[in-house]
Amino acid sequence: MTVKPVSANKWIDKLKQTIECIKNGVAEQGTLDNIETGEFFVVKKIDDKIICRRYVLVEEVEV
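Under my numbering, the first residue of the sequence shown carries the number 25, and numbering increases by one thereafter.
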């Protein structure tokens, strides 16, 4: 499940929705991308815990 949020409130709602989907077994993991800030979150279930990891793009390289 990948979500590209528009505003902060919608983004938080999508994060909550992603967490609920994982809790309910609908998805194993989800990602939320914010291309403008270069960050994304990966939400997944590990050992019966919901883990949310934040990643930030440090350098963009053309290939």
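Beta carbons are placed, not taken as given, at the ideal position from N, Cα and C, and that holds for glycine. Keep in mind that this is a model prediction, so the values were computed, not measured.
Proximity below 8 Å, CB of residue i to CB of residue j
{"i": "residue 39", "j": "residue 63", "result": "no"}
{"i": "residue 36", "j": "residue 69", "result": "no"}
{"i": "residue 59", "j": "residue 67", "result": "no"}
Residue span of the beta strand (DSSP E) that contains residue i, given as start and end
{"i": "residue 85", "result": "Taken as a continuous stretch (DSSP letters only), residue 85 belongs to no beta strand (DSSP E), as it is neither H nor E."}
{"i": "residue 72", "result": "First-last for residue 72: undefined, no H or E at that position."}
Those runs of the beta strand (DSSP E) which lie wholly inside the region 28-63 and span at least 3 residues:
Fully enclosed beta strand (DSSP E) runs of 3 or longer: 53-58.
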